[in-house]
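Beneath this line is the structure, given in structure tokens, with notes to follow.
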Amino acid sequence: MLIQKRAPGMGQTGETLLARKEGDEILFINALRHTDAEPLTLRISMDSELANPAKLATQGDSAIIRDRDYRGIPVVSAYRNIPLMNWGFVAKIDQTEAFSAVTILLNQIVLFSIGTVIIAIFMAIFVSNRFTSQII
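Printed below as a string of structure tokens:
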């Protein structure tokens, strides 16, 4: 195994990978975390919708994007070309894990907002009943 499958600090779904273009295919150089394929055996066609970050990296691009990985799962990827060897390097993590803290925070904000509105409505009803009872 060229590079370990274990990825400390990459969470449950994060991984790094190396790929190179061979003809009309992308060849994954290292062992991948989410497949049992041996290094240098997993190939994906350049025409496939899968592994876009690896394809873009092997074509000389560098960026951070949200796209699909070799499993077809939506991921957040940072990729870069390694020009000396014409390889692509990709560091990626599943979008669900990457944005889980934001999702939790959003849910807390929504619940807090709903709670605040409900309390405000009850307070308004209480205050209006208090004033109208004195007028009546």
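Position one of the sequence shown corresponds to residue 8 (this note's numbering), numbered consecutively onward. Think of the CB as a built atom: it goes at the ideal place given N, C-alpha and C, for glycine as much as any other residue.
Around the Cβ of S52, a 10 Å sphere holds fewer than 16 other Cβ atoms; the residue is exposed. Take R27, set aside five residues on each side of it, and the residues of its chain with a beta-carbon closer than 8 angstroms to its own are I33, L34, I36, T65, M92, N93, W94, G95, in chain order.
Of the candidates R40, P81, Y86, H41, the residue whose Cα lies closest to the Cα of P60 is Y86. Taking a C-beta distance under 9 angstroms as the contact criterion, A58 and R75 qualify as a contact pair. Annotated three-state conformation of F106 is coil, per DSSP.
When the beta-carbon positions are compared, G21 and A98 come within less than 9 angstroms of each other. Residue pairing for K28: DSSP places it in a beta bridge opposite I33.
If you ignore the 5 residues before and after V117, its C-beta comes within less than 6 angstroms of no other C-beta in its own chain. Assignment of beta-bridge partners to P46 by DSSP yields no partner. When only Cα atoms are considered, D68 and I89 end up about 10 angstroms apart. Pairing L47 with L24, the inter-Cα distance amounts to about 12 angstroms.
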